[in-house]
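Just below is one structure, and these are the notes that go with it.
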Amino acid sequence: MNNFNGKVLFLDRSDINTDEIIPAKYLTEISKEALKPFCLEDLKVEGFNPKTDIAGKTAIVTRANFGCGSSREHAPWALEVNGITIVVAEGFARIFRQNMYNCGMIATELKAEEIDEVFKTFAGLETELSVDMAAGTLSFRAVKNGAVSEKKYSFKLGEFESALVSAGGWVAYAAANY
Amino acid sequence: MGKTLAQKIFESHVVDKPFGEAWVLKLDRVFCHEITTPVAINDLVSRGMDTVFDPDKIKAVIDHVTPAKDSKTAEQGRVIRKWAERHAIKDFFDIGKNGVCHAIFPEKGFVRPGFTVIMGDSHTCTHGAFGAFAAGVGTTDLEVGILKGVCAFQYPGTIRFELDGKFPCGVTPKDAILSIIKMIGVNGATNKVMEFAGSAIDSMSMEGRMTMCNMAIEAGGTSGVCMPDAVTVDYLWKFIGPEGEGVYRTKEEALADFKKWHSDPDAQYDAVHKIDVSTLSPVATFGFKPDQVKTIKELAGTKVDQVYIGSCTNGRIEDLRQAAAVLKAKSVAPGVRGIVSPATPAVYQQAMEEGIIKIFMDAGFCVTNPTCGACLGMSNGVLADGEVCASTTNRNFFGRMGKGGTVHLMSPASAAATAIAGSICEA
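Sequence lines, in order, name chains A and B. Each residue of the first sequence is one higher than the one before, starting from 1 at the first, in the working numbering. Each residue of the second sequence is one higher than the one before, starting from 1001 at the first, in the working numbering.
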């Protein structure tokens, strides 16, 4: 199973689409690794620089409708090869969300006000996310001027989604069951 | 309680309900193209699972970059070509016979009311125009589809759009769907089926219905769907009648059978929207989301560098006819590049026979082979940084047609008028 604990990349925008996650011109690549340098390269979000801000991150926190647009699984792959295995948002486009679970990754929703609170408390700080799958909690932690900020939120995966995350993806599950 | 069409299709195709709302459905069709399928093929090969569930239910085409533009796209072509050969997939469309996936598969009669269809392409929702449940999927779902003929979906709710009235002159199905996306937003139908009904849909051609369903994904919809009717029967008749598979002896018999794939009058919807199409105007997108829509009048005068007519949304013969009617005896404005891509070889040939290709060429358009080409900036018509294109395609994401480029989505008639004026203009 993937590791979901680590540093957070904040992308304060709604409707980040699959063309922004990985432009179509790179869909001619036939390995996931080849996508690594191009992840989010054209994304316009204030204060975000793809060359310096992606490295070392495990999670993305963003707003509504993340992953809209193309069916390309290259979008989750581009995140995966950069070490990003979990995206937390107000909501996702259906195909992108399913692709994440099919790859054994997590795309999970918090309420708009919770996402807003996470942005207000942590954006701009070096923030750690720890995920407790059994308890169904997301814990954010950051230190600013010696003071520690911590927030914990409940999240819920569907039974099928949990099974895919545990099985390591849909191909293995389907091959065993159908 | 009555059921929606999508619910009836789910219930007739369910293989398993492993967990809660996730239903595993049996698939009637798995469509493939050369951008997303070779990765699936290579992964299946590496897992030692290089088999297909049914070569007759799998259809494949090379359409996104064709002819190949470089060594990488040549390799993608080779992977899918060899795979089709290895597994005796007889309906494989390569150079000379290939066209845009969501145009060529319907044209070959591969979709039927009540079918389940997946493809590694978000605009697979187009095929819902035939009363099918058709959805775009990623590579992993595609792999399982190829291998096992199944796919998992959350049991979807349905939003019904009732379109009544008569389209004003110059207003087309493209204007209707753009207006609907504006109304509900780019995630207004996430996880939902968008059902299009009403007298304006009843009197719409299959081409128009495909344009409507094609853009369901731009509102987040899992699929678009229209109820099969006499128009559907007429379109499919050469495949299902005595000249084709001989499934039906008469059109009445086909229609009676197709009618079982209708939503019940007392079906439960998540929402119902009523739209009087006589109030609609020609519209186009601005900005970088498909729900950013204004009337052409409001956007009039916006300069363009390129006009693109084609794609799985509006590259069919009806679309080319609409554009040609506007372009006839006119010329593209100086400084504007006009590009038209007939969506399939049959569309191309029909357009030649009707004199439409000549009208385009006389107007100064470049006519390309059938391909997805410029739509997603993969080949044939990429924009330079800062350039603007009026396009009949389905996405206006920033840089979609090329890094730094802007796309205004509109109908073929509006795109043709814009080409002549050199700036956004009503037909």
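Here a beta-carbon is modelled for each residue, glycine too, at the ideal position from N, C-alpha and C.
Query                                                                                                                                                                      : Result
Given B:C1372, which residues of its chain have a CB within under 6 Å of its CB, disregarding the five upstream and five downstream residues?                              : D1063, H1064 and V1100
Could you name the residues of the segment 20–36 of chain A whose beta carbon sits closer than 8 Å to any beta carbon of chain B, in the order they occur along the chain? : E20, P23, A24, K25, L27, T28, E29 and I30
Pull up the CB-CB distance for B:A1176 and B:M1227, whole angstroms please, since I reckon it's below 8 Å.                                                                 : In fact, because the Cβ distance is near 16 Å, the residues do not count as touching under 8 Å.
Just to confirm before moving on: does the CB-CB distance between A:F92 and A:V118 stay below 8 Å?                                                                         : no
One question on the structure: do B:G1338 and B:C1366 come within less than 8 Å of each other, judged by their Cβ atoms?                                                   : yes
Name the chain B residues whose beta carbon is nearer than 9 Å to that of A:I95?                                                                                           : S1122, A1135, G1136, V1137, G1138, D1141, I1217 and T1222
Within a Cβ cutoff of 8 Å, which residues of the same chain sit near B:K1251, ignoring the five residues on either side of it in sequence?                                 : A1230, V1233, D1234, W1237 and G1241
Strictly under 8 Å for the Cβ-Cβ distance: is B:V1052 near chain A by that measure?                                                                                        : no
So if I threshold CB-CB distances at 7 Å, which residues from the segment 157–171 of chain A count as touching chain B?                                                    : G158, E159, F160, A163, G169, W170 and V171
Have a look at the DSSP bridge pairing and note the partners of B:K1403.                                                                                                   : Looking at the DSSP assignment, B:K1403 forms no beta bridge with any residue, so it has no partner.
Tell me, please, which residues DSSP counts as bridged to B:Y1308.                                                                                                         : B:I1339 and B:S1391
Going along chain A in order, which residues have a C-beta closer than 8 Å to the C-beta of B:G1020?                                                                       : G158, E159 and F160
By alpha-carbon positions, which one of B:T1190, B:A1390, B:P1113 and B:D1266 ends up nearest to B:V1304?                                                                  : B:A1390
Using a Cβ cut-off of 9 Å, which residues of the segment 61–82 of chain A contact any Cβ in chain B, in chain order?                                                       : A64, N65, C68, G69, S70, S71, R72, E73, H74, A75, P76 and W77
Pairing CB atoms from the segment 1158–1168 of chain B with CB atoms from the segment 1127–1134 of chain B, are three or more of them under 8 Å?                           : no
Name the two residues that bound the continuous alpha helix (DSSP H) containing B:I1104.                                                                                   : C1101 to E1107
With DSSP run on the structure shown, which of helix, strand or coil describes B:M1001?                                                                                    : coil
Which residue wins for smallest C-alpha separation from B:V1332, given the options B:F1093, B:T1418, B:D1056 and B:E1387?                                                  : B:T1418
Can you tell me whether A:G6 is buried or exposed? The criterion is at least 16 other CB atoms within 10 Å of its CB, across all chains shown.                             : buried
Across which residues does DSSP place A:N17 in a beta bridge pair?                                                                                                         : A:C68
Under the criterion of a Cβ to heavy atom distance below 7 Å, does B:A1333 qualify as lining the ligand HEM?                                                               : Only the bare structure without any ligand can be found here, which leaves the ligand HEM out of the picture.
Identify which residue in A:S130, A:A142 and A:E113 has its Cα closest to the Cα of A:A123.                                                                                : A:A142
Mapping the DSSP letters down to three states, classify A:A93 as helix, strand or coil.                                                                                    : coil
In the segment 129–178 of chain A, which residue ranges form an unbroken alpha helix (DSSP H) of at least 4 residues, counting only runs that do not cross its ends?       : 159–167 and 170–177
Taking the alpha-carbon of B:I1035 as reference, which of B:V1061, B:F1053, B:K1017 and B:K1008 has the nearest alpha-carbon?                                              : B:V1061
Could you tell me whether any Cβ in chain A is nearer than 8 Å to the Cβ of B:F1397?                                                                                       : yes
Give a yes or no on whether the C-beta atoms belonging to B:L1005 and B:V1225 are separated by under 8 Å.                                                                  : yes
Under a CB-based cut-off of 8 Å, is A:Y178 close to chain B?                                                                                                               : yes
Within the 8 Å Cβ cut-off, does A:G6 reach chain B?                                                                                                                        : no
Chain A partners of B:R1316, CB-CB under 8 Å?                                                                                                                              : Simply none; closest approach about 22 Å.
Is the beta carbon of A:L35 closer than 8 Å to that of A:V81?                                                                                                              : yes
Pick from B:D1362, B:K1008, B:L1044 and B:K1072: whose alpha carbon is nearest that of B:Y1155?                                                                            : B:K1008
If we call anything under 8 Å between Cβ atoms a contact, is B:F981 one with B:V1340?                                                                                      : Nothing in the structure corresponds to residue 981 of chain B, since chain B is present only between 1001 and 1427.
If you follow the alpha helix (DSSP H) that B:L1142 is in, where does it begin and where does it stop?                                                                     : T1139 to K1148
Could you give the first and the last residue of the continuous alpha helix (DSSP H) run that contains B:K1429?                                                            : Nothing about residue 1429 of chain B can be reported from this structure: the residues present for chain B run from 1001 to 1427 only.
For B:I1146, would you say it is in contact with chain D, using Cβ-to-Cβ distances shorter than 8 Å as the test?                                                           : Included in the structure are the protein chains A and B, with no chain D among them.
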